[in-house]
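One structure is given here, and the rest of the page talks about it.
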Amino acid sequence: MALAFSYTFVALGVFISSLQVEAIQFYLRSGHKVCFTEDFEPGKNVRGEYVVMTGNRSMAVDLTVRDEKGEVAFLKRDIGHGSFTLKTREARSPKKPAGEHDYFYDEVEDQGDQDETKPINELKYELCVQHHGVEEEGVRRRVSLRVVQGAIAKDYNEIAKKDHLDELAEQLLYITDSLVDLEAAFQKLFLSEHDVRVANEKILSSMMYASLGSVAALVFFSASYMRLFRKGLEKVKAL
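Just so you know, the sequence shown maps onto residues -23 to -1, 1 to 216 in mature numbering (1 follows the signal peptide of the UniProt record, and there is no 0).
In structure tokens, the structure reads:
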């Protein structure tokens, strides 16, 4: 039993480790700015790691992270290498308070006296790396960014120290959180599959009605042609 548990423990660890995200690498030229967006789930821990390669000429690089409202969630000037952590805003209940606009919800058409909304599953964050100096030809830096969310974004060493957990309990906590993230990912995949299936059903239904319309039009034109053909034959016989 203990051996089987060990094998299961190792297999889960290997599988979860395979979910690690590779770093994004790009070149930043002096006087330029590079931005990209990341989709994060509400209420998730996010950790980013950054590395700016040194060169033969000075070039101060700044990193800015803005949330979906445009507010600065993280800012560090003249970065070299390090990391940042943040937690995305929590999702709220599907009902929006009367008279209040909530950026977590997309407004839909009113049905009667009800003001219905649907929750947004992902929040867009913007990450920008920028050099504010004067542009100099040939001066650039290679920047590496790696951003993760969920269980792998937590610092389990700090959690273990704070809660006085041993190594096994720390690993079990990590695997439990990772399985929760995995379940959420499967639920998201299931919802996406459902949306695709509904869209396909609508397309098939439209195609079926279009086919029936085409058949009806073909029958109508065939009947009209036959009627005209018979009238033509009658005129020929009358002659």
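Ideal Cβ positions, reconstructed from N, Cα and C, are used throughout, including at glycine.
Nearest to residue i by alpha carbon, out of the options?
i: Thr62; options: Arg24, Phe3, Cys12; result: Arg24
i: Ser14; options: Leu100, Phe51, Val175, Gly20; result: The residue you asked about is not Ser; residue 14 is Thr in the sequence shown. Among Leu100, Phe51, Val175, Gly20, the Cα nearest to that of Thr14 belongs to Leu100.
i: Tyr151; options: Asn134, Ala161, Leu52, Lys165; result: Asn134
i: Ser155; options: Leu122, Ala128, Val175; result: Ala128
i: Val111; options: Ser35, Asp16, Phe51, Val157; result: Ser35
i: Phe17; options: Val49, Arg66, Tyr186, Gly59; result: Arg66
i: Gln148; options: Ala161, Lys131, Glu160; result: Lys131
i: Cys12; options: Leu52, Ala(-1), Leu104, Val213; result: Leu104
Measure the beta-carbon distance from residue i to residue j and round it to whole angstroms, keeping in mind my assumption that it falls under 8 Å.
i: Leu40; j: Val125; result: Contact flag wrong, Cβ pair sits at about 16 Å.
i: Arg43; j: Ala50; result: 6 Å
i: Tyr102; j: Glu48; result: The pair is not a contact, with the Cβ atoms about 10 Å apart (cut-off 8 Å).
i: Gly8; j: His141; result: At roughly 51 Å, the Cβ-Cβ gap does not stay under 8 Å, so Gly8 and His141 are not in contact.
i: Lys64; j: Asn22; result: 5 Å
May I have the straight-line CA-CA distance separating residue i from residue j, to the nearest angstrom?
i: Gly190; j: Val157; result: 49 Å
i: Gly59; j: Ala162; result: 28 Å
i: Val196; j: Lys208; result: 18 Å
i: Lys10; j: Glu26; result: 18 Å
i: Ile56; j: Glu113; result: 19 Å
i: Gln171; j: Gly20; result: In the sequence as displayed, the identity of residue 171 is His instead of Gln. His171 and Gly20: Cα-Cα distance of roughly 24 Å.
i: Lys138; j: Val173; result: 45 Å
i: Leu205; j: Ser183; result: 33 Å
i: Met203; j: Val192; result: 16 Å
i: Ile180; j: Ser188; result: 12 Å
i: Ile136; j: Val28; result: 25 Å
i: Leu166; j: Val175; result: 14 Å
i: Ser201; j: Gln164; result: 55 Å
i: Ser169; j: Phe198; result: 43 Å
i: residue 238; j: Asn177; result: Residue 238 is absent from the structure shown; the chain starts at -23 and stops at 216.
i: Gly115; j: Arg123; result: 26 Å
i: Leu210; j: Tyr186; result: 36 Å
i: residue 219; j: Ala(-1); result: Only positions -23 to 216 of the chain appear in this structure, which leaves residue 219 out of reach.
i: Val213; j: Ala194; result: 29 Å
i: Leu145; j: Glu160; result: 22 Å
i: Val153; j: Gly32; result: In the sequence as presented, Val is not what sits at residue 153; that position holds Thr. So the alpha carbons of these two residues sit roughly 43 Å apart.
Check whether the Cβ of residue i lies closer than 8 Å to any Cβ atom in chain D.
i: Thr14; result: Looking for chain D here will not work: only one protein chain is present.
The region 113 to 128 / the region 4 to 11 touching (three or more Cβ pairs under 8 Å): yes
Start-end ranges of the alpha helix (DSSP H) lying completely within the region 153 to 204, minimum 4 residues: none
Runs of beta strand (DSSP E) lying entirely within the region 92 to 146, each at least 3 residues, in chain order: 94 to 96, 100 to 107, 117 to 126
Beta strand (DSSP E) runs wholly inside the region 18 to 51, at least 3 long, in chain order: 22 to 29, 39 to 43
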